[in-house]
Structures are given as C-alpha cells and as structure tokens.
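Residue numbers (the working numbering), protein chains in the order written: chain X, 136 to 264; chain Z, 136 to 264.
Protein chains: 2
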Amino acid sequence: MANQLSQLDQVFAALADPTRRAIVMRLCAGEASVGELADPFDMALPSLMKHIQVLETSGLVQSEKSGRVRTCRLGPDALVGAEYWFQQQRAIWEARLDRFEAYVMKLKREKERAAAKRPSRTTKRKGSE
Amino acid sequence: MANQLSQLDQVFAALADPTRRAIVMRLCAGEASVGELADPFDMALPSLMKHIQVLETSGLVQSEKSGRVRTCRLGPDALVGAEYWFQQQRAIWEARLDRFEAYVMKLKREKERAAAKRPSRTTKRKGSE
DNA sequence: TAATTGGTTAGCCATGAAGCTAACTATAGA
DNA sequence: TCTATAGTTAGCTTCATGGCTAACCAATTA
Chain X
136 MANQLSQLDQ VFAALADPTR RAIVMRLCAG EASVGELADP FDMALPSLMK HIQVLETSGL
196 VQSEKSGRVR TCRLGPDALV GAEYWFQQQR AIWEARLDRF EAYVMKLKRE KERAAAKRPS
256 RTTKRKGSE
Chain Z
136 MANQLSQLDQ VFAALADPTR RAIVMRLCAG EASVGELADP FDMALPSLMK HIQVLETSGL
196 VQSEKSGRVR TCRLGPDALV GAEYWFQQQR AIWEARLDRF EAYVMKLKRE KERAAAKRPS
256 RTTKRKGSE
C-alpha cells in the first residue's frame, strides 16, 4: 500500500519546496534542533514538522531525539543520488552534442569535397560561404 | 494570481515525477515529437501533454509546432540551474566538513599539549577549560 | 472532398500536499 | 512539585496534481 515512490522521486519532490530547500541549506552549515530550524520561518511548528518529516523520509535529513530536543542533520549521502542523476543526463546530453558537432563537421567536409569536384558551374553557386 | 513559483521550485517539482524524468532523459538523446514522446507510456495523450506543459513552464523543455507536429527539445540551460544548486550545497557542506576536521585536529593537538603539561595528576580536574 | 493523423481543449474526479488550530506528552528547570 | 519548554498528534481546510474521457481543430493523404 505504501505507494513505493522511488528515492529520486522523493528527493526531488522534497527539494521542490523552498522551505525545505532552506532547511537543507541550513543543515549544510551544521546540525540544528527542530526549534532552531523553525525559527526563521513564519510558520506554525506542526507545519514545519511536516517538512522535516518529508525531508526525513526522502533520506535527505536524519534526526535523533535526546531528552526533549530533536537534533537534525543532513543524511550521509543526501544530495549524492540526485546530483548523480544530473551528471548522468549531462553526460548523455554532451555526448549527443559531440555527435551532433561531428555530424555537422562531416557534412561540411562532404560539401567541400563536392564543391572541389565540380569547380565550375554555369549558374550561381550558393554553397561557398 | 499566477502563484509565482521560483524557477528552482518548478524544475525540482518537474523532475519529481518519473514520467517527466523519462521525458527529459529521452530528450537528452535528441528532439522528438509529442507522439514519439508519448509512445513508451501507457497513458492517454492529454495526460502526457500536461507533463510536457509542466516541463515547458519549468524551462526544462522547449517545443515548436510545424505543420501538425510539435517537436520538443531540451531547453538550453535546462539542467544547469538545478545542478548548480547541488554544487553550491556540496561546496558549503564540504567546507563545513573541512572546518570540522580542522576543529577535531585542533582539539587533538590541545589535548596532547595538555597531556604533556601535566604528566601526573591524582584526581580528575574539571576546571581547566 | 473525405478520411486520417497528430495534437489540443474542456471538464471531471480522486488523491495528496501544505497550511492551520487545539490539545497532548514528556523533559528540564525553579 | 509546579511550570515552562520542545515537540508531537489529531483533525480540519484548501488547493494543486495526475489521471481520465469526450469532443474538437487543423494538416496530410487518399
């Protein structure tokens, strides 16, 4: 029943909210209690708690309670998975651009060769730019 | 009224859906028509169109119609913004780890120095901080 | 011109997300 | 022990999202 979202789904969904991104950014600078995290936001505590829970189920954040204060920190491989996805895509994208460039170069070479083969043509040639 | 979401919000939200990620991945390999994009999915066309629209308003995808076929391609700086965000966070995170390591090293040095200074002591001292 | 193809618009529905208040639990401090 | 602090749970509202069908253009093709 538990809707089985992929890790990546959850991470991106978590980061789609500015409040949650702010929390992550805050935690990049070091761990913090729920209260400290809530402080900069004009938002009821339970609302903020929900954000923290979202971050936690996505794996971006971990927390542990000691006494009455819960301390939050970034999950160990928090951002790695998502960042990896980008790198993958960029790699494919760039490979494609390379191939495209190669293709354009090939076209150009062929065109030049063709032009060399028939050096004189009665009407205007457009090709020689 | 147009809810003013930040670019980053929209990009991450767009990428939070597996269908949309698949579309982006497909477009990394080259442009495609709406029909070609829809093909691998078991989903009604209008539903898929909505996904494309989401991708388009996020800036991840661009499209243009010629005749009756609409061709989609990745937006020029599509993934850059989001990837940049990750790099930023990682930079802060790593700086913090460096600082933390430096701190631990400092503690260690101080401890050694202190140990050197009082080679023998009967009971535990609390006061020396 | 008629039929097909490729996409689009409109409108419906179910679910989930983001916020709130109010009331509650449990620890820490006076 | 009393009180204040820190967080939690429950339950409500509102709006956004993701999916559908049905009907509708507008280019192509026969």
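Glycine included, every Cβ here is placed at the ideal spot set by N, Cα and C.
Q) Closest Cβ-Cβ distance between Z:PHE221 and chain X: below 8 angstroms? A) yes
Q. Using DSSP with H/G/I as helix, E/B as strand and the rest coil, what is Z:SER182?
A. helix
Q) Hey, is X:LEU209's beta-carbon within less than 8 angstroms of any beta-carbon in chain Z? A) yes
Q) Any residues in the segment 150-178 of chain X with a beta carbon nearer than 8 angstroms to a beta carbon of chain Z? Which ones, in chain order? A) LEU150, ALA151, ASP152, PRO153, ARG156, VAL159, MET160, CYS163, ALA164 and GLY165
Q | Distance CB(Z:GLN222)-CB(Z:THR192) smaller than 8 angstroms | A | no
Q. Applying the criterion that 16 or more other CB atoms from any shown protein chain within 10 Å of the CB defines a buried residue, is X:GLY210 buried or exposed?
A. buried
Q) Hey, how far is the Cα of Z:LEU143 from the Cα of X:VAL189? A) 18 angstroms
Q | Proximal residues of chain Z, C-beta to C-beta of X:SER182 below 7 angstroms | A | Here the premise fails: no neighbours, minimum Cβ distance about 17 angstroms.
Q: Tell me, please, whether the CB atom of X:ALA237 is closer than 8 angstroms to any CB atom in chain Z?
A: no
Q | Sheet register partners of X:GLN197 (DSSP bridge) | A | X:ARG208
Q) Can you give the Cα-Cα distance for X:ASP212 and X:LEU195, rounded to whole angstroms? A) 8 angstroms
Q: Would you mind telling me which residues of chain Z sit closer than 8 angstroms to X:GLN224, beta carbon to beta carbon, in chain order?
A: VAL159, MET160, CYS163 and LEU214
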